[in-house]
Structures are given as structure tokens and as C-alpha cells.
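> Positions 19 to 782 (the numbering used here) are the ones given, in order, by the sequence shown. Yeah, the Cβ is synthetic: ideal placement off N, Cα and C, and Gly gets one too.
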Amino acid sequence: SSGQDIQGTSVVANLPVLIRQNPSESLRRVVPKIREVLHVAGIEMQLTAAYSFLTILQEESVPVHSYCLSFLQIILQNLEHRDIGVSNAWLDTLLAVIDVLPKETIRHEILNPLVSKAQLSQTLQSRLTSCKILGKLANKFEAHMTELTKAAILPELIELARDEGSSVRLSAFETLVNLLSMFDHDDRSQIVLPLVKSFCEKSFKADESVLTSLSLHLGKLCHGLQGLFTQEQHMWFLEFYKKLCRLGLHQENGHNDNQIENIELEKKYSTMRKNCAYNFPAMVVFVGAKNFHIELYATFFCLCHDPDVPVRYSIALGFCEVCKLLGSNVYLIHKELVALLQDDSLEVVDALLDHLPETLELMTSGGDNSGLDNKLMIVPDLVPALTSAEQRVANSLKWRSHEKILQKFSCLPHIISSDQIYYRFLHRMFTIILNNNVLPVQKAASRTLCIFLRYNRKQEQRHEIIQKLVEQLGQGKSYWNRQRFLDTCEYIMEFFSKSFFCKYFYLSVLELTSDPVANVRMKVCYMFPKLKSTLKLPADKHLLQQLELCVRKLLCQEKDKDVLAVVKRTVLELDRMELTMDTFQKRFFEKDLLDQEKEREEHLLLEMEQIEKEKQQSEARSNNEKSYERKRRDSKTGSALPKSLPTVISGSSSGTQTVSRESKKSKLIRSQSFSSQAIHPKHSTLEKGTSKSSSVIGVGKNVLLPFVEDSLKVRTSSASASASFSNAATTSSRGQGGTCDQKTNGSKEGQSRKLSLKNRKPKS
19 SSGQDIQGTS VVANLPVLIR QNPSESLRRV VPKIREVLHV AGIEMQLTAA YSFLTILQEE
79 SVPVHSYCLS FLQIILQNLE HRDIGVSNAW LDTLLAVIDV LPKETIRHEI LNPLVSKAQL
139 SQTLQSRLTS CKILGKLANK FEAHMTELTK AAILPELIEL ARDEGSSVRL SAFETLVNLL
199 SMFDHDDRSQ IVLPLVKSFC EKSFKADESV LTSLSLHLGK LCHGLQGLFT QEQHMWFLEF
259 YKKLCRLGLH QENGHNDNQI ENIELEKKYS TMRKNCAYNF PAMVVFVGAK NFHIELYATF
319 FCLCHDPDVP VRYSIALGFC EVCKLLGSNV YLIHKELVAL LQDDSLEVVD ALLDHLPETL
379 ELMTSGGDNS GLDNKLMIVP DLVPALTSAE QRVANSLKWR SHEKILQKFS CLPHIISSDQ
439 IYYRFLHRMF TIILNNNVLP VQKAASRTLC IFLRYNRKQE QRHEIIQKLV EQLGQGKSYW
499 NRQRFLDTCE YIMEFFSKSF FCKYFYLSVL ELTSDPVANV RMKVCYMFPK LKSTLKLPAD
559 KHLLQQLELC VRKLLCQEKD KDVLAVVKRT VLELDRMELT MDTFQKRFFE KDLLDQEKER
619 EEHLLLEMEQ IEKEKQQSEA RSNNEKSYER KRRDSKTGSA LPKSLPTVIS GSSSGTQTVS
679 RESKKSKLIR SQSFSSQAIH PKHSTLEKGT SKSSSVIGVG KNVLLPFVED SLKVRTSSAS
739 ASASFSNAAT TSSRGQGGTC DQKTNGSKEG QSRKLSLKNR KPKS
């Protein structure tokens with residue numbers, strides 16, 4: 019009756035609970051009753067039993083031996099249920115059980131009956147089940163049991179691969195692909211390879227579902243059989259893959275008269291092309307990076323511009339992997355990266371974002387052959403593509419994608435120049451922080467803005483950014499903006515040194531303790547411990563006094579009970595904190611090292627900026643002198659001078675060239691001095707300290723890579739870099755002074771020679 023079925027289903031559903039409470043009695047009294055009922059039970063009870071048995075296995079409520087005695091035979095008996103859904107449920111349970119079963123149990127209880135159930139005389143469902151179980155069983159045998167695999171499993175798979183049912187052949191093919199590593203070289207070359215090729219040749223004449231599965235496993239198949247193909251077989255499989263990538267494209271633009279009838283067929287073709295896009299990295303390995311442009315570039319172009327979004331989405335997911343495989347030939351596909359960034363579908367853009375930093379690094383560095391020419395070639399196309407992608411994501415309602423792309427933009431200092439970031443991205447971050455209504459998006463923009471500030475190479479631009487942060491956020495009219503200023507200050511504390519934060523932001527944060535909005539004051543109170551941790555005594559004693567004054571003022575004057583409660587809790591935490599001293603302390607050693615490294619790099623940035631200014635001024639003076647000499651030479655040439663005058667002008671010009679060469683030599687000496695002083699490796703303790711900051715993007719051993727790479731191409735690593743810079747600057751100034759003396763002497767000599775010519779003129 020229906021009432022008994024409901025009761026039986028309830029008991030089966032609660033079987034895991036009963037076994038947890040009393041395993042021995044449940045196995046002795048309840049499980050036998052369930053076994054008696056199941057063979058006549060309905061579909062609902064069967065599905066519930068399969069799920070309950072799987073739950074008991076996963077919870078490890080009973081030992082494996084007891085589980086095999088009580089449940090394994092029940093599972094095997096119900097595998098051939100007439101309902102396909104029930105049969106598949108029991109099959110999933112059995113496949114999970116196989117992972118924990120001993121090998122002897124597998125051999126006697128599962129493998130021996132399985133051979134008979136895989137015969138052609140058995141039903142289609144039985145043969146399909148046999149294929150799936152065989153694939154699972156093969157992974158249970160170690161390498162030394164390969165002979166057992168060959169003897170027991172391979173013959174059955176070959177027979178099933180020749181089955182009259184297409185679904186059976188398909189399951190056998192999938193199992194063969196998954197077990198390629200189990201077969202030795204001879205079996206793969208003599209048995210598996212001919213069988214697979216025959217299967218592929220017949221696939222176009224078979225059902226499209228077979229072709230769909232084949233397109234999904236083709237990459238794994240080619241990779242597993244790598245090294246066994248002859249040249250002819252290699253080309254055959256490559257052309258077969260290209261043919262799959264083009265399936266259904268010829269029916270576009272209304273060429274097919276029966277489009278309505280073939281909608282399902284077009285969907286299958288689209289799925290095949292999507293599977294081909296998924297397998298594209300494996301096919302790059304198959305043909306090799308050197309042959310990519312000839313063999314696969316046209317196919318890659320078609321997949322990137324496929325009319326169906328799922329195909330482009332799949333190729334975008336594997337784009338980074340393709341870049342890695344191409345190595346120094348990665349420049350071949352930079353146009354496809356730009357095209358995918360500008361794709362109409364935001365799903366395609368979102369697929370690129372997961373590995374965008376790594377992809378951009380590979381694309382701009384040109385793989386193994388990193389060079390400035392390659393980077394400059396791609397950047398003009400890349401920057402507009404990135405900005406347009408961010409704009410389109412921002413205009414959509416997908417705020418999570420917007421948050422993701424802003425987070426990924428934090429890699430840009432390693433990719434493009436500081437000026438490009440300043441003019442194309444930085445002000446956009448400000449706009450998002452001020453105007454966007456989604457908090458995670460604002461925080462992502464704030465964090466990326468701080469990283470841009472960290473890597474900005476011009477002091478004037480840095481001061482402008484800091485001033486905007488303080489005036490537009492910290493002193494903004496909206497309390498929401500003032501809260502975002504506090505979020506930004508937390509990122510500043512993370513990425514910058516303590517002295518930098520104290521110099522530019524500390525007092526601005528303390529001013530917000532008098533904010534008219536309670537939520538802002540409360541957020542500042544939560545930050546008090548972090549503020550105190552940025553101080554160094556005795557240099558920051560006055561800032562500590564300001565902090566204590568604000569705390570006392572809040573304790574005395576605060577009227578909001580929630581803010582006052584936070585202040586009181588924070589005071590207790592502040593009392594337990596110990597301040598950092600100017601000298602290193604053992605308990606803060608690693609933190610002090612990391613902060614010292616940040617501070618050293620900030621000073622180094624200022625010194626590098628000064629060197630660049632000197633270099634630009636020197637070049638400007640040299641250009642001015644050249645133009646002055648050229649004008650003077652032109653004016654003298656126009657007047658009536660003796661024939662010997664060109665000789666005089668030539669001498670003056672050569673003197674100018676000598677001065678220019680001396681100036682360049684001085685710059686080169688200064689650059690070499692800077693390089694030799696700065697590229698020594700860090701001490702091991704410093705490396706250990708800096709390596710702890712995994713959450714800080716770009717802070718560590720290579721934090722100044724963009725600065726150095728764009729200016730002097732050196733890597734700064736030693737702890738004595740500041741001293742080396744001052745020495746280099748002194749040397750360069752001396753060299754520059756010498757150069758100026760040479761210029762003055764050269765000018766005097768030229769003038770004296772001209773005067774002598776003028777004195778000779780009346781005589782002639």
C-alpha cells in the first residue's frame with residue numbers, strides 16, 4: 019500500500035542516522051528488511067536507498083569490511099533496474115564504493131561477474147554499465163598489474179568498441195581514452211591507435227552524439243598517443259580536428275533552407291566547436307609552437323571569432339594556457355586577445371579575467387624573448403581594449419565582473435608605463451570610488467588606486483593623487499566618501515611604509531574622530547590599533563600624543579552609545595600594544611624588515627626620479643647647444659666669408675660633437691655606477707622578511723621592477739641602495755661639471771679662431 023511505501027522510504031532515508039546511533043543493531047535488524055523490500059520497491063524508495071548507502075560510505079559510519087558484507091550485494095543486484103534513472107543512481111554509488119574496496123574483493127565480487135555482463139547477448143544498458151565500471155576498475159590496479167589489465171580489461175573494451183550500439187561504442191571509446199596511460203607502448207600503437215582512427219573515420223556517418231563526445235576527448239587522445247603517430251597519421255588527426263572546428267559554420271548567413279528543422283543540429287555543431295576550443299591547448303602541444311602559425315593559427319582565429327558565444331567563451335578560458343605554450347611566438351595572437359577583450363559578450367570578457375595578469379605579462383614580454391619593442395608594439399592596442407572592456411562591464415548590471423576586472427587591473431604597473439596608467443586608468447579609479455554605488459566595486463577601485471600610487475614614478479603626480487584622496491574623500495561632503503577614505507587608508511598602510519602613511523594620511527584620519535556622522539567615527543575607532551602600530555618612537559611621539567588626545571576626547575564627549583562602546587574596547591587593546599622603536603626589536607624583526615624595505619624603496623624612487631630629471635636637463639642643454647651652433651653656422655654661412663671659413667665652422671662643429679660625446683659618456687658612467695651599486699643581492703634575512711607579504715601585490719624582492727625597467731633597466735635589491743645612489747649622483751655631478759668645462763673651452767677656442775680670421779680679412 020502507499021502508506022507502507024511511505025514508511026519504508028522514511029526508514030531508508032533515516033538509515034544513516036540509525037547506523038550512526040547504533041551501527042551493530044541497525045546492520046543486524048534493519049538492513050536485511052530493506053534488502054527484502056527493495057526488489058519490489060518503487061522508484062522513490064530505490065533512489066532514496068542509493069543515496070543513503072552512498073551517505074553511509076562517505077560518513078565512514080561502519081568499517082569497509084562490514085559495509086561490503088551488508089551493502090555491496092544489494093548495490094550489485096539493483097544495477098540492472100529497468101528504470102534508467104534508478105540504474106544510474108546505483109551505478110554512481112558502486113563507482114564510489116570501488117574507491118575504498120580491497121583489490122581481492124573487486125576481483126571476486128565485481129570483475130568476474132562483469133565479464134559475463136559485457137557480452138553482446140546482454141542488454142544495451144548492461145553493456146553500458148560494464149564499460150563505465152571497467153574504466154573505474156582499471157585505476158585500482160598498480161603499474162605491476164598491467165598484465166592483469168591487458169588480460170582482463172583490454173579484450174573486453176575492444177569488443178565493446180565494436181558493439182552494434184552507438185552508445186556502447188561511445189562508452190568504450192571514452193574508457194579507452196581515459197585508460198591510455200595504463201597500456202604499454204605496443205598496445206597503444208598496435209591495438210588502440212588503429213581502433214581509435216577507425217572509430218573517428220566512422221564518426222561522421224554515425225549519430226551526432228558520438229561526434230560530440232569525440233570532439234571533447236580528441237585533445238586528450240592526441241596527447242596520450244603522442245610519439246606513436248607517423249607523419250601521415252599526424253596530419254590525418256590534425257585535419258580531423260580542423261574539420262570539427264568548422265562544423266556548422268557553412269550553414270550561417272541563410273545558406274540552409276531548412277533552418278527551423280535543423281536548430282537542434284546547429285546546437286550540436288556549436289557544442290562540437292566549443293569542445294574543440296576546450297581542446298585547443300592540447301592541439302598546440304600536438305603540433306608544436308614552431309608550427310603553430312602554419313598549422314593552427316587560422317583555426318584559432320576562427321574559434322576566437324566564432325558566431326556562438328559558448329565557443330568564444332571556451333577559447334577565452336584557455337587563452338592563457340595557449341600563451342604559455344607558444345612561448346616566444348606569443349606575439350602571433352595578440353590581436354586575438356584584443357578582439358576577445360572587445361567582445362560583445364561580457365561572458366567572454368569575464369572568462370579572460372581569471373588569468374588576465376598572467377596573460378598580459380606573457381603577451382607584453384613576448385615569452386622567453388622579452389623586449390621593449392614587443393611591449394611597445396602591443397600596448398597601443400591593449401590599453402584601449404582594457405579601458406573599453408571596463409566601461410562595458412561597468413555599464414552592465416554584473417557588479418561582480420566589474421569588481422573582478424578592477425582587481426585584475428592591479429597588475430598594470432608591471433605591464434605598461436606609469437604615465438599611461440596615470441592618464442588612462444588612475445582618474446577612472448577616482449570616478450568609480452566617488453560615483454559607484456556598489457561597495458565591493460568601490461573597494462576594488464580603491465585598492466587598485468593605491469597600487470597605482472605605489473608604482474607611480476613622478477612625485478608631482480603622487481602629490482596630486484594624495485591631495486585628491488584627502489580633499490575629495492577624506493574631506494568630502496558625503497559621509498559615504500569619508501568612509502571610503504578610511505578604507506583607502508587601510509590599503510595605504512598595507513602597501514606603503516609606516517613613515518609614508520604617517521606623513522600624508524595620519525592626521526587626516528584623526529580629524530575624522532570629530533566627524534558629525536557616528537558611523538564614520540566608529541570606523542575610525544576600529545582603526546586606532548592599526549594607527550598606533552604605524553608609529554615609531556621617539557620620532558612619532560607627537561603623533562602618539564595626538565592619538566591619545568583624540569581617544570580621551572571621545573571618552574569624554576562621545577554621545578553615541580555604540581561609538582562609545584567601541585572606544586572603550588579599543589582603549590583596552592591600545593593599552594596592550596607595544597610601540598615599535600627606531601631600533602630593531604626581536605619580536606617585531608620581520609615586520610620591521612619589511613617596513614624598512616618599503617621605506618628604502620620609496621626613497622629610491624625619489625632618487626631615481628631626480629636622476630631622470632638630471633638626465634632630461636642634460637639632454638635639453640645638449641640639444642639647445644646644438645641648435646645654437648646650427649643657427650650660428652647658418653648665419654655665418656649666409657655672409658660673405660673667405661673659403662677658409664668652412665674649415666673654421668667645421669672645427670666648431672666637431673668641437674660640439676666632442677662635447678656631446680663627452681656628455682653621453684658621463685651619463686653612461688653614471689648609469690653604470692647606479693647599476694653596479696644597485697644590483698647586488700639582498701641579505702637572506704631581508705629576503706625572508708619580504709617574502710612574508712604575499713598579499714601585497716608587487717611588494718617584495720621585485721617591487722620596483724616597473725620603475726627600473728622603464729628607466730634604467732636595473733633591479734634594486736641591496737639594503738645599501740640609498741648610499742650607492744648618493745655616490746652615483748656625486749660622481750655624475752662631477753662628471754657633468756667636467757663636461758661643462760670642456761664645453762666652455764671649446765666655445766672659447768672657436769671664438770678665438772673666428773677672431774683671427776676676421777683680422778686677416780682686410781689683408782686679403
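1. Out of S184, S105, I61 and Y524, state which residue places its alpha-carbon closest to the alpha-carbon of E508.
2. What separation, rounded to the nearest whole angstrom, lies between the Cα atoms of S645 and E354?
3. What residue range is occupied by the uninterrupted alpha helix (DSSP H) comprising A316?
4. In whole angstroms, what separates the C-alpha of I102 from that of V58?
5. In the structure shown, what three-state DSSP assignment does I124 receive?
6. Going by C-alpha to C-alpha distance, which of L567, P34 and P120 sits closest to V82?
7. Report buried or exposed for P431, applying the criterion of at least 16 other Cβ atoms within 10 angstroms of its Cβ.
8. Residues in the same chain with beta-carbon distance under 7 angstroms from K416, minus the five sequence neighbours each way, listed in chain order, please.
9. Does DSSP put L364 in a helix, in a strand, or in coil?
10. By the three-class DSSP mapping on this structure, what secondary structure does D580 have?
11. Determine, using beta carbons only, whether I92 and L112 come nearer to each other than 8 angstroms.
12. Taking buried to mean at least 16 other C-beta atoms within 10 Å of its own C-beta, is A412 buried or exposed?
13. If I measure Cβ to Cβ from L380 and keep anything under 6 angstroms in the same chain, skipping five residues before and after, which residues do I get?
14. Let's see if you can read the secondary structure: which residues bound the alpha helix (DSSP H) around K353?
15. Could you say which of R594, K616, Q628 and L350 lies nearest to S514 if we only look at CA atoms?
16. For N297, which option in A357, L335 and L56 has the closest C-alpha, if you only look at C-alpha atoms?
17. With a threshold of 7 angstroms on Cβ separation, who are the neighbours of D361 within its own chain once the five nearest residues in sequence on each side are excluded?
18. For the alpha helix (DSSP H) holding L299, just list the boundary residues, first then last.
19. Mind listing, in chain order, the continuous alpha helix (DSSP H) runs of no fewer than 4 residues lying wholly within the segment 474 to 504?
20. Taking Cβ positions, are V446 and V401 nearer each other than 8 angstroms?
21. Ignoring anything shorter than 4 residues, give me the alpha helix (DSSP H) runs that lie fully in the segment 87 to 120, in order along the chain.
22. When you compare the CB positions of A403 and L452, do they come within less than 8 angstroms of one another, or not?
23. Let me know the secondary structure DSSP gives T230 once reduced to three states.
24. Within the continuous alpha helix (DSSP H) that includes C429, where are the two ends?
25. Would you check if there are 3 or more beta carbon pairs closer than 8 angstroms linking the segment 235 to 243 to the segment 182 to 202?
26. Answer yes or no: do L444 and I484 have a C-beta to C-beta separation smaller than 8 angstroms?
27. Can you tell me whether R502 is buried or exposed? The criterion is at least 16 other CB atoms within 10 Å of its CB, across all chains shown.
28. Just the Cα atoms here: how many angstroms apart are L590 and L457?
29. Given that a residue counts as buried once 16 or more other Cβ atoms are within 10 Å of its Cβ, and exposed if not, what is E408?
30. So which of S42, V104 and I37 has the shortest CA-CA distance to E62?
31. What residues in its chain sit with their C-beta under 6 angstroms from that of L314, if we drop five residues either side in the sequence?
32. Is it buried or exposed for V302, if we count other Cβ within 10 angstroms and need 16 for buried?
33. Give the straight-line distance between the Cα atoms of I74 and G26, rounded to the nearest whole angstrom.
34. Could you say which of S221, L504, Q477 and L371 lies nearest to E489 if we only look at CA atoms?
35. Which value, in whole angstroms, describes the spacing of the CA atoms of L622 and D593?
36. So, is D652 buried or exposed, given that buried needs 16 or more other C-beta atoms within 10 angstroms?
Walking through what the data contain:
1. For the purposes of this step, residue 508 is identified with residue 490 of the sequence shown, where counting begins at 1. Answer by Cα proximity: Y524.
2. Against the sequence shown, residue 645 aligns to sequence position 627. Against the sequence shown, residue 354 aligns to sequence position 336. As the crow flies, the alpha-carbon of S645 is around 46 angstroms from that of E354.
3. Along the sequence shown, one-based indexing puts residue 316 at 298. Unbroken alpha helix (DSSP H) run through A316: Y315 to C322.
4. Translated into positions along the sequence shown, residue 102 becomes position 84. Translated into positions along the sequence shown, residue 58 becomes position 40. Our two residues, I102 and V58, have alpha carbons roughly 16 angstroms apart in a direct line.
5. Sequence index remark: in the sequence shown, residue 124 carries index 106 (1-based). DSSP places I124 in helix when its eight states are reduced to three.
6. The residue you call residue 82 lines up with position 64 of the sequence shown. Nearest C-alpha to V82: P120.
7. For the purposes of this step, residue 431 is identified with residue 413 of the sequence shown, where counting begins at 1. Flag for P431 reads buried.
8. Translated into positions along the sequence shown, residue 416 becomes position 398. For K416, where only same-chain residues beyond five positions count, the Cβ hits under 7 angstroms are L364.
9. Locating residue 364 in the sequence shown gives position 346, counting from the first residue. In the structure shown, the three-state DSSP call for L364 is helix.
10. For the purposes of this step, residue 580 is taken as the residue at position 562 of the sequence shown. Looking at D580 - three-state DSSP - the assignment turns out to be helix.
11. Position 74 of the sequence shown, counted from the first residue, corresponds to residue 92. Position 94 of the sequence shown, counted from the first residue, corresponds to residue 112. In this structure, I92 lies away from L112, with their beta-carbon atoms at least 8 angstroms apart.
12. As a position in the sequence shown, residue 412 is number 394, starting the count at 1. Answer is buried; the Cβ neighbour count reaches 16.
13. Against the sequence shown, residue 380 aligns to sequence position 362. For L380, where only same-chain residues beyond five positions count, the Cβ hits under 6 angstroms are C341 and V348.
14. Within the sequence shown, the letter at position 335 stands for residue 353. Counting along the chain, the unbroken alpha helix (DSSP H) around K353 starts and ends at H352 to L359.
15. For the purposes of this step, residue 514 is taken as the residue at position 496 of the sequence shown. Sequence check: residue 514 is Phe here, not Ser. The shortest Cα separation from F514 among R594, K616, Q628 and L350 belongs to K616.
16. Locating residue 297 in the sequence shown gives position 279, counting from the first residue. Of the listed residues, the one whose Cα sits closest to N297 is L335.
17. Position 343 of the sequence shown, counted from the first residue, corresponds to residue 361. So the qualifying residues of the chain are R330 and V367.
18. The sequence position of residue 299 within the sequence shown is 281, counting from 1. Before going further, note that residue 299 is Pro rather than Leu in the sequence given. That run of the alpha helix (DSSP H) goes F298 to V305.
19. Runs of the alpha helix (DSSP H) lying entirely within the segment 474 to 504, each at least 4 residues long, are 477 to 486 in chain order.
20. Here the question's residue 446 lines up with position 428 in the sequence shown. Here the question's residue 401 lines up with position 383 in the sequence shown. The sequence as given places Arg at residue 446; Val does not occur at that position. Against a cut-off of 8 angstroms, the Cβ pair of V401 and R446 comes out as no contact.
21. Taking only runs of at least 4 residues, the alpha helix (DSSP H) segments lying wholly in the segment 87 to 120 are 91 to 95 and 102 to 116.
22. By 1-based counting over the sequence shown, the position of residue 403 is 385. By 1-based counting over the sequence shown, the position of residue 452 is 434. Taking 8 angstroms as the Cβ cut-off, A403 and L452 do not qualify as a contacting pair.
23. Locating residue 230 in the sequence shown gives position 212, where the first residue counts as 1. Three-state DSSP puts T230 in a helix.
24. Here residue 429 corresponds to residue number 411 of the sequence shown, with the count starting at 1. Annotation for C429: no alpha helix (DSSP H) segment contains it, and DSSP assigns it neither H nor E.
25. Yes, since at least three Cβ pairs between the segment 235 to 243 and the segment 182 to 202 fall closer than 8 angstroms, the two stretches touch.
26. Within the sequence shown, the letter at position 426 stands for residue 444. Within the sequence shown, the letter at position 466 stands for residue 484. Against a cut-off of 8 angstroms, the Cβ pair of I484 and L444 comes out as no contact.
27. Here residue 502 corresponds to residue number 484 of the sequence shown, with the count starting at 1. Its Cβ being crowded by 16 or more others within 10 Å, R502 is buried.
28. On the sequence shown, residue 590 is found 572 positions in, with the first residue counted as 1. On the sequence shown, residue 457 is found 439 positions in, with the first residue counted as 1. Roughly 31 angstroms separates the two Cα atoms.
29. Looking up residue 408 in the sequence shown gives position 390. Sixteen is the threshold: when 16 or more other Cβ atoms of the shown chains lie within 10 Å of the Cβ of E408, as they do, the residue is buried.
30. Walking along the sequence shown from the start, residue 62 turns up at place 44. Residue nearest to E62 within the set S42, V104 and I37 is V104 (criterion: CA-CA distance).
31. Residue numbering aside, residue 314 sits at position 296 when the sequence shown is read from its first letter. Counting only Cβ-Cβ distances below 6 angstroms, and skipping sequence neighbours, we find V305.
32. The residue you call residue 302 lines up with position 284 of the sequence shown. Under this definition V302 is a buried residue.
33. Position 56 of the sequence shown, counting from 1, holds the residue named residue 74. Position 8 of the sequence shown, counting from 1, holds the residue named residue 26. Rounded to whole angstroms, I74 to G26 spans 18 angstroms at the Cα level.
34. Here residue 489 is taken as the residue at index 471 of the sequence shown, counted from 1. For the set S221, L504, Q477 and L371, the Cα lying nearest the Cα of E489 is the one of L504.
35. For this step, residue 622 is matched to residue 604 along the sequence shown. For this step, residue 593 is matched to residue 575 along the sequence shown. Cα-Cα distance, rounded: 36 angstroms.
36. Residue mapping note: residue 652 aligns to position 634 of the sequence shown, counting from 1. Counting other Cβ atoms within 10 Å of its Cβ, D652 stays below 16 and is therefore classed as exposed.
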